[in-house]
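Undergrad:
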Amino acid sequence: MPDNARLFEEVQKLKEKWPVTWYREPCNEVEIANLRTPTGWSPARIAVIYDLPADYPDTPPEIYLPDEMEYHDEQSGRPHILLRTSRQDCYHMCLHDHAWDPSKHTLVSMKKLLMEGLNDPRDGKRRFETG
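So the sequence shown is residues 52 to 182, counted in our numbering.
1) Kindly indicate which three-state DSSP category Ala84 falls into: helix, strand or coil?
2) Just curious, the alpha helix (DSSP H) that Leu58 is in, first and last residue?
3) Just reading off the alpha helix (DSSP H) that Glu119 is part of, what are its end residues?
4) Start and end of the beta strand (DSSP E) containing Trp73?
5) Grouping DSSP H, G and I as helix and E and B as strand, with all else coil, what is Glu125?
6) Ordered along the chain, which non-local residues of its own chain (more than five positions away) have a Cβ less than 8 Å from that of Val71?
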């Protein structure tokens, strides 16, 4: 069962900077709306969904991005951080080599990791910083 008190606190911190909705039913998801994407991405603003596992914060959330996202650079092909998923109208954000520590990491640090991935989408290696 997710730690709802902790989730409430983390959602409030996200709400300080972005429009955020916490959907508790029928699934436990947090959506950050109107998030500006870095240079090279279209559209310029997106909604991001964190799918929270039943044992959050012991397990990190999955990140889903809209399937209309495109990255434009000198290389061809979709960046490796965007994986097709069984969810309709979404990409699953592929994060490698991150060491989630529930005593240090939060939805806010996951948002930082997301932005790091979007800033350098062909790298594929992401590491958490405390925050």
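Quick reminder that beta carbons are idealized off the backbone N, C-alpha and C, glycines included.
TA: So, to answer that:
1) Walking along the sequence shown from the start, residue 84 turns up at place 33. DSSP places Ala84 within a strand segment (E or B) once states are collapsed to three.
2) Position 7 of the sequence shown holds residue 58. Looking at the DSSP string, the run of the alpha helix (DSSP H) that includes Leu58 is 55-66.
3) Position 68 of the sequence shown, counted from the first residue, corresponds to residue 119. For Glu119, there is no enclosing alpha helix (DSSP H), as DSSP gives it neither H nor E.
4) As a position in the sequence shown, residue 73 is number 22, starting the count at 1. First-last of the beta strand (DSSP E) with Trp73: 71-74.
5) Here residue 125 refers to the residue found at position 74 when the sequence shown is read from its first residue. DSSP places Glu125 in coil when its eight states are reduced to three.
6) On the sequence shown, position 20 is the one that residue 71 refers to. Answer for Val71: Val62, Leu65, Val81, Glu82, Ile83, Ala84, listed in chain order.
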